[in-house]
Amino acid sequence: MRRTVDDRLVVVAIDEVGGLPGGILVRGPSDLRTIGLAPGMTMAPTVGGWAVPAVGLSIDGGSAVPWSPMLPAAARRAVTAWDPRRTAEARSVAAGLAHVGSLASGRWATDDPWSTTIAAIVRRLVIDLTYDAGGAATRDAVGMIGMGRGLTPAADDVLVGLLAGLDALDHPQRAKIAAAVTAAAPTRTTSVAAATIAHAARGAYSEWLHDVLVASGAPHGAGDPLPAAIARALSFGATSGGDTLVGLFAAMDVAAARAERGARAARGARVAA
Amino acid sequence: MTVVRGSVHRNSYRDSVELMAIAAQLEGLDGVRRAGLVMATPANLAVLAEAGLADAATGDPRPNDLVVALAADDDATATVALERAASLLAAGTGDAGSPADVQVAQTLGEGLAELPDANLVLVSTPGGYATAEAIRALKRGLNVFLFSDNVSVEDEVRLKSMAQRRGLLVMGPDCGTAIVGGVPLGFANAVRRGPIGLVGASGTGIQQVSSLIHGAGGGVSHAFGTGGRDLDERVGGTTMAAAIDLLLADAATSVIVLISKPPAATVAARILAAISRSPKPVVVNFLGGDAADVDAVGAHPAPTFEAAARIAVALSRDPSSALEPPNGAWTSPDEALLARAADAATGLASTQRKIQGLYSGGSLAGEAKVVLRAMLGGERHDRILDLGDDEFTVGRPHPMIDPRLRNEHIVEAASDPTVVALLLDVVLGYGSHPDPASAMAPAIEAAIATAASAGRRLPIVASVCGTDLDPQGLARQEGILAASGAILESSNARAAMFAASIAGVVSDAHTPLVGAAD
Chain P
1 MRRTVDDRLV
11 VVAIDEVGGL
21 PGGILVRGPS
31 DLRTIGLAPG
41 MTMAPTVGGW
51 AVPAVGLSID
61 GGSAVPWSPM
71 LPAAARRAVT
81 AWDPRRTAEA
91 RSVAAGLAHV
101 GSLASGRWAT
111 DDPWSTTIAA
121 IVRRLVIDLT
131 YDAGGAATRD
141 AVGMIGMGRG
151 LTPAADDVLV
161 GLLAGLDALD
171 HPQRAKIAAA
181 VTAAAPTRTT
191 SVAAATIAHA
201 ARGAYSEWLH
211 DVLVASGAPH
221 GAGDPLPAAI
231 ARALSFGATS
241 GGDTLVGLFA
251 AMDVAAARAE
261 RGARAARGAR
271 VAA
Chain C
1001 MTVVRGSVHR
1011 NSYRDSVELM
1021 AIAAQLEGLD
1031 GVRRAGLVMA
1041 TPANLAVLAE
1051 AGLADAATGD
1061 PRPNDLVVAL
1071 AADDDATATV
1081 ALERAASLLA
1091 AGTGDAGSPA
1101 DVQVAQTLGE
1111 GLAELPDANL
1121 VLVSTPGGYA
1131 TAEAIRALKR
1141 GLNVFLFSDN
1151 VSVEDEVRLK
1161 SMAQRRGLLV
1171 MGPDCGTAIV
1181 GGVPLGFANA
1191 VRRGPIGLVG
1201 ASGTGIQQVS
1211 SLIHGAGGGV
1221 SHAFGTGGRD
1231 LDERVGGTTM
1241 AAAIDLLLAD
1251 AATSVIVLIS
1261 KPPAATVAAR
1271 ILAAISRSPK
1281 PVVVNFLGGD
1291 AADVDAVGAH
1301 PAPTFEAAAR
1311 IAVALSRDPS
1321 SALEPPNGAW
1331 TSPDEALLAR
1341 AADAATGLAS
1351 TQRKIQGLYS
1361 GGSLAGEAKV
1371 VLRAMLGGER
1381 HDRILDLGDD
1391 EFTVGRPHPM
1401 IDPRLRNEHI
1411 VEAASDPTVV
1421 ALLLDVVLGY
1431 GSHPDPASAM
1441 APAIEAAIAT
1451 AASAGRRLPI
1461 VASVCGTDLD
1471 PQGLARQEGI
1481 LAASGAILES
1491 SNARAAMFAA
1501 SIAGVVSDAH
1511 TPLVGAAD
């Protein structure tokens, strides 16, 4: 078992899910509801671990292994491989595997106001962040909190992926956005989503998201770890994993657009010289 | 008048896919115009307001509450829909039936660790990654069902050569259908096991033939898909030849059926040479191809899928069966069909000349064209569309999964005064829409009503490709379609004959139109 808990809102999941910020991973049945656990239950720390009094469950923390949700160095190095082709490959894999109707599939009903609105805001965010328009980006990020379906509304998952990507990029506007969404989330979205956003804002992400980031830096071709990492991400939640990837892909778009912008500026400087 | 109603479920947690599924079910109820289920966050409430559903969120809902919002024709409908939503939420539809302890392998290695005796891998990754996965599988001695499309022809040749050297089979790429040892792969129907082995370059062709074999009391040993390009000159029919060898060696197979569009000449020669040595009877359906070539090697030509199924079943019962009517009989209607078609043609306007086919199965569309040409000649304005073609499916699901695009075409076709009959296929089985007839029935009813409002009758002729064992149930689907006003035929070929017969009755009294079938 791994122990990663330092927050008020705790997630209990089976070991196969991989490390989670604020998560306790246990060995048990795939569906923990079969042993009585349910969302919203109160957990209490005990001398050797944790307890869920409502169902008389004790979790032994004696052999817990710590795991850090902060981005590994390999995830930060991956950004050097982020170009339009790599982003297109990643999007293509995700679109092929995601639930039809979800953001990651790229295919939803034209009269679906949530997906249409979120996709439009994400497009704006890419432009805002390409040109360092921190105020506009912050307004858009805060404005999308709580939007979409699910216990963690889709836009909140998108924000988590975006924050992870901007973290890896060391984007200059990330801190401003992170502070704003952390402050706004508690009154604008579900408790679970607000906690997830708060984790992401402080740089803490799920292990499967680490894996996608690291894999995004690998070369395309035989042995490319990206499809498997994306497939694993898509299996997280119903659409949460895919929605998170949409945010990450937006950050990859930002990286490519900023690189292109930098190259244009350099060409302009040479011409001027 | 539209009424907006809603309900709030306190601290209710449901995943997004479940909420989308419930919303789709609510929108399928008569009189429900719009439905949405979201957490009551300020952003979602704002979107509801923009969508005209603000009145649904009453009672000061909080972000951890779930809002069901809907617009309906009247209060009674809204009440029924909200009750339905409550029961679906209580039933936990998103979780129902999902096995709790199934572990999902993420890699080929993990899968083989769980199933070390597996001998086949289904690859369904995006095309750019599919070749590498298929090579991995072949290197491990595994046969491959390659569902992925967008695999280059060069990669296809490479994969199939590699498989040939190792004595393995690569079905695909873009292989939609197979039944291996009774296990359906991709889009396939639930059919009885039996002595007839199929090899097909056509997904819905295999589905139609296997379903009709089942319907005629026969059974299928294996059905191998080859992928649509296998009989192309560049690929050379490698998979079809390998699959024929497998069926020849298979003790459970006594009759072999081949299904394809006409192959390239050199490939046809290779395939026909292979079956000329077959000790087992072989039925060949090269849709639109030359029967004489097939006859010449001692095989049984079948011009339609229905013919292939009926000949194969007869041969499986008696290898010396003479169930081969004179050339052309398989595309000629019997007296009973002609009489019913004449009845259906009564009162059609003289402007109604053109048969409009709206197909979800590409090969079924191809079969319809063959039948129409055989009965009516090629110089016509009939329009047979394959709505599963890339042209129509970019950015949207295949019509076998989501009938909405076809429904739009059905209603639109009813406004065309030149249409003499609408021709539809409905494909059942694993992978297809869970209840396609119910999803199409409102469009069929609307089309009939639209034509009637313009003073016309519009015969809508349909066939259902499926079996009584399919999850959707053949009889139930046919019943729903018949109740909506469609004329049902037992096979696609017969449906096409019926439509052609109607057109024939109408055109007998008028000068034929000039043009080419497309």
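Quick mapping for you: the protein sequence lines, in order, are chains P and C. Just so we're aligned: 74 in the numbering used here is position 74 of the first sequence, and the numbers increase by one with no gaps anywhere. Add 1000 to the 1-based position in the second sequence for the numbering used here, that's all there is to it. For each residue, glycine too, the CB sits at the ideal point set by N, CA and C. Predicted model only: the values in this text are computed from it and were never measured.
Query - Burial state of V1123/C, where buried means 16 or more other Cβ atoms lie within 10 Å - result: With 16 or more other Cβ atoms within 10 Å, it is buried.
Requested in this report: Could you work out which residue in A1134/C, P1301/C, G1200/C, M1039/C is closest to R1014/C when comparing CA atoms only?
Outcome: Taking only the C-alpha atoms, the option nearest R1014/C is M1039/C.
Requested in this report: For I1135/C, name the three-state secondary structure that DSSP assigns.
Outcome: If DSSP states are grouped into helix, strand and coil, I1135/C belongs with the helices.
Query raised in the report: Considering only C-alpha positions, which residue in the set K1261/C, I1259/C, I1244/C, S1260/C is nearest to T1253/C?
Result: The alpha carbon of T1253/C has as its nearest neighbour, out of K1261/C, I1259/C, I1244/C, S1260/C, the alpha carbon of I1244/C.
Report task. Using a Cβ cut-off of 8 Å (strictly closer), state whether G18/P contacts chain C. Result -> Not an interface residue.
**Report entry** Distance between R1494/C and S1501/C (C-alpha atoms, nearest Å)
**Finding:** For S1501/C and R1494/C, the distance between alpha carbons rounds to 10 Å.
Requested in this report: Determine the burial state of S1007/C: buried for a count of at least 16 other Cβ atoms within 10 Å of its Cβ, exposed for fewer.
Outcome: Of the other Cβ atoms in all chains shown, 16 or more fall within 10 Å of the Cβ of S1007/C; this residue is therefore buried.
Report task. Anything in the segment 1009-1021 of chain C with a Cβ closer than 8 Å to a Cβ of chain P? List those residues in chain order, please. Result -> Of all residues in the segment 1009-1021 of chain C, only N1011, Y1013, R1014, D1015, S1016, V1017, E1018, L1019, M1020 place a beta-carbon less than 8 Å from a beta-carbon of chain P.
Query raised in the report: Are any of the Cβ atoms in chain P nearer than 8 Å to that of E1050/C?
Result: Chain P contact via Cβ: present.
Requested in this report: Note down, in chain order, all residues in the segment 158-173 of chain P with a beta-carbon under 8 Å from any beta-carbon belonging to chain C.
Outcome: Interface annotation for the segment 158-173 of chain P against chain C: empty, criterion Cβ-Cβ distance under 8 Å.
Report task. Taking only the alpha-carbon atoms, compute the straight-line gap between T196/P and A183/P and give it to the nearest angstrom. Result -> Computed Cα separation, rounded: 13 Å.
Report task. May I ask you to list the residues that DSSP assigns as paired with R1034/C? Result -> In the DSSP assignment, R1034/C forms a beta bridge with A1071/C.
Query - Sequence-distant residues of its chain with Cβ nearer than 7 Å to P227/P (five each side left out) - result: Excluding positions up to five away in sequence, the list reads V93.
Report task. Might you give, ordered along the chain, the residues of its own chain that have their beta carbon closer than 6 Å to the beta carbon of A1035/C, omitting 5 neighbours on each side? Result -> Here the set comprises A1023, L1026, E1027, L1070.
Query raised in the report: Would you say P219/P reaches chain C, if we count a Cβ-Cβ gap shorter than 8 Å as a contact?
Result: Answer no: the Cβ-Cβ gap between P219/P and chain C never drops below 8 Å.
Requested in this report: Measure the C-alpha to C-alpha separation of V1220/C and T1204/C and round it to an integer number of angstroms.
Outcome: So the two alpha carbons sit approximately 15 Å from each other.
Query raised in the report: CB I24/P to CB I59/P, shorter than 8 Å?
Result: In this structure, the beta-carbon distance from I24/P to I59/P falls below 8 Å.
Query raised in the report: Once you ignore the five residues that flank L20/P on each side, which residues in its own chain have a CB closer than 8 Å to its CB?
Result: Closer than 8 Å at the Cβ level, and outside the excluded window around L20/P, lie T4, V11, A13, P69, S206, E207.
Query raised in the report: Can P1281/C and P1333/C be called in contact, C-beta distance under 8 Å?
Result: No, the Cβ-Cβ distance between P1281/C and P1333/C is not below 8 Å.
Query raised in the report: Excluding five sequence neighbours on each side, which residues of the same chain lie with their C-beta closer than 6 Å to the C-beta of A1302/C?
Result: Sequence-distant Cβ neighbours of A1302/C in its own chain, meaning closer than 6 Å and more than five residues away, are V1283, N1285, A1308, I1311.
Requested in this report: Work out the CA separation of P172/P and A259/P for me, nearest whole Å.
Outcome: So the alpha carbons of these two residues sit roughly 14 Å apart.
Report task. Note down, one range per segment and in chain order, each alpha helix (DSSP H) of at least 4 residues found wholly within the segment 1205-1263 of chain C. Result -> If we require 4 residues or more, the alpha helix (DSSP H) runs fully inside the segment 1205-1263 of chain C come out as 1238-1249.
Query - Outcome for A1163/C when other beta-carbon atoms lying within 10 angstroms are tallied against a minimum of 16 - result: With 16 or more other Cβ atoms within 10 Å, it is buried.
Report task. Would you verify that the beta carbon of T1093/C is, or is not, closer than 8 Å to some beta carbon of chain P? Result -> For T1093/C, the pLDDT reaches just 42, beneath the cut-off of 50, and the residue's location in the model is therefore unreliable, although a value from the coordinates is still provided. Not a single C-beta of chain P is nearer than 8 Å to the C-beta of T1093/C.
Query raised in the report: Per DSSP, what kind of secondary structure is Q1356/C in: helix, strand or coil?
Result: DSSP places Q1356/C in strand when its eight states are reduced to three.
Report task. Give the single residue among G135/P, A98/P, V246/P whose Cα lies nearest to the Cα of T1125/C. Result -> The shortest C-alpha to C-alpha distance from T1125/C to any of G135/P, A98/P, V246/P is the one to A98/P.
Report task. Could you please tell me which residues of the segment 1123-1141 of chain C, in chain order, have their CB closer than 7 Å to any CB of chain B? Result -> No chain B is present in this structure, whose protein chains are P and C.
Query - Partners in chain C for R149/P, counting only beta-carbon separations shorter than 8 Å - result: Using a Cβ-Cβ cut-off of 8 Å, R149/P is close to S1016, L1019, M1020, L1037, V1038, M1039 of chain C, given in chain order.
**Report entry** Three-state secondary structure assigned by DSSP to S58/P
**Finding:** Reduced to three states, the DSSP call for S58/P is strand.
Query raised in the report: If you count every other CB in all the chains shown that lies within 10 Å of the CB of D15/P, and 16 or more means buried, which is it?
Result: Per the 10 Å Cβ criterion, exposed.
Requested in this report: Let me know the secondary structure DSSP gives E1367/C once reduced to three states.
Outcome: In this structure, E1367/C counts as helix in the three-state DSSP scheme.
Report task. Could you tell me the boundaries of the alpha helix (DSSP H) in which H199/P lies? Result -> Where H199/P is concerned, the enclosing alpha helix (DSSP H) stretches over 191-201.
Query raised in the report: Where does Y1129/C fall in DSSP's three states?
Result: The answer is helix: DSSP assigns Y1129/C an H, G or I state.
Query raised in the report: What do you reckon, are the CB atoms on A1223/C and T1177/C nearer than 8 Å?
Result: Taking C-beta atoms as the reference points, A1223/C and T1177/C count as a pair closer than 8 Å.
Query raised in the report: Any residues in the segment 183-216 of chain P with a beta carbon nearer than 7 Å to a beta carbon of chain C? Which ones, in chain order?
Result: Flagged, chain order: R188, T189, T190, S191.
Query - Environment of L175/P [buried if 16+ CB atoms lie within 10 Å] - result: The sequence given here places Ala at residue 175/P; Leu does not occur at that position. By the neighbour-count rule (16 or more Cβ atoms within 10 Å), A175/P is not buried but exposed.
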